[in-house]
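All remarks here apply to the structure that follows.
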Amino acid sequence: MSRWAFDGQVHFDQLILWGGNIAHDLDFSQSANILGEKDFFLVYGQQDPLIQPEVFEEQARRITQLSSRAKIIAFEGGHEIPAEVLKKHFGKTE
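The sequence shown: position 71 = 250 (this note's numbering), numbered continuously.
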């Protein structure tokens, strides 16, 4: 998903990456013009076994530097999409 969004070939207004790291080989410096005016959300469970904390923290830092509209959302839980988190932040459960 992150490669698709960052390649600049597809138009989108909002990107939600839930429960995973951004592709490791992306060039963040090439993405500033793509992300700058988008609503960008990184959502993760604090007990998600697939998240590497040090990698995620570095990616989150870089994303928030590139986009003032980037938000990091953490929730108690693992590799899942809890309906209450989805509804709280995005107004939908379906």
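Note that the Cβ used here is the ideal one computed from N, Cα and C, for glycine as well.
Quick caveat: nothing in here was measured; it's all calculated off a predicted structure.
Complete runs of the beta strand (DSSP E) confined to the region 214-241 [at least 3 residues]:
With a minimum length of 3 residues, the unbroken runs of beta strand (DSSP E) contained wholly in the region 214-241 fall at 218-224.
Given a cut-off of 8 Å, decide if Asp227 and His258 are closer than it, judged by their beta-carbon atoms.
Here residue 258 corresponds to residue number 79 of the sequence shown, with the count starting at 1. Here residue 227 corresponds to residue number 48 of the sequence shown, with the count starting at 1. The answer is yes: Cβ separation under 8 Å.
Please classify Ala249 as buried or exposed, where buried requires at least 16 other C-beta atoms within 10 Å of its C-beta.
Within the sequence shown, the letter at position 70 stands for residue 249. By the 10 Å Cβ count, Ala249 comes out buried.
Between the region 219-238 and the region 194-201, are three or more C-beta pairs nearer than 8 Å?
Judged by Cβ distances under 8 Å, the region 219-238 makes contact with the region 194-201, as three or more pairs qualify.
Between the C-alpha atoms of Gln188 and Arg182, what's the straight-line distance to the nearest angstrom?
Looking up residue 188 in the sequence shown gives position 9. Looking up residue 182 in the sequence shown gives position 3. If you take the alpha carbons of Gln188 and Arg182, they lie about 10 Å apart.
Going by the DSSP bridge assignment, what does Gln244 pair with across the sheet?
Within the sequence shown, numbered from 1, the residue matching residue 244 stands at position 65. As DSSP reads the structure, Gln244 sits in no beta bridge.
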